[in-house]
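Here the structure comes first, spelled out in structure tokens, and everything after it is commentary.
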Amino acid sequence: MATYKKDPNATLDYLFDWSAWLTEVSDTITSVDWVLSSGLTEVSSSNTTTGATIFVSGGILDESETITCRITTVGGRIDDRTITLKIV
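Quick note, the working numbering runs 5 ahead of the 1-based positions in the sequence shown.
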């Protein structure tokens, strides 16, 4: 799981690139759901057939927050990727 630093006052974007895995299984993204820890707020999000981006704000100082990107594919696959944000 990747870890990034974030200021609690920043609004930043995070890209989840699924292209390598989706190419291997010859599949594409049909929908994306986001699961954020309670200190974060989703500002906006978007996706393509191979990636998903979310803009988030907030976070509790000196805590670790998580963002999980859950995709569903045309082929019926469901998978999650999670990153951790260290709020500094």
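Ideal Cβ positions, reconstructed from N, Cα and C, are used throughout, including at glycine.
Source: prediction; values computed, not measured.
For residue 61, the closest alpha carbon among the candidates 16, 9, 6, 10 is that of 16. Assigned with DSSP and collapsed to three states, residue 28 falls in helix.
Straight-line spacing of the CA atoms in residue 78 and residue 8 works out to 26 Å. In the displayed model, residue 73 falls within a strand according to three-state DSSP.
Judged by DSSP in its simplified three-state form, residue 52 adopts strand. DSSP, reduced to helix, strand and coil, places residue 39 within a strand of the structure shown. Taking C-alpha positions only, residue 19 is separated from residue 29 by approximately 23 Å.
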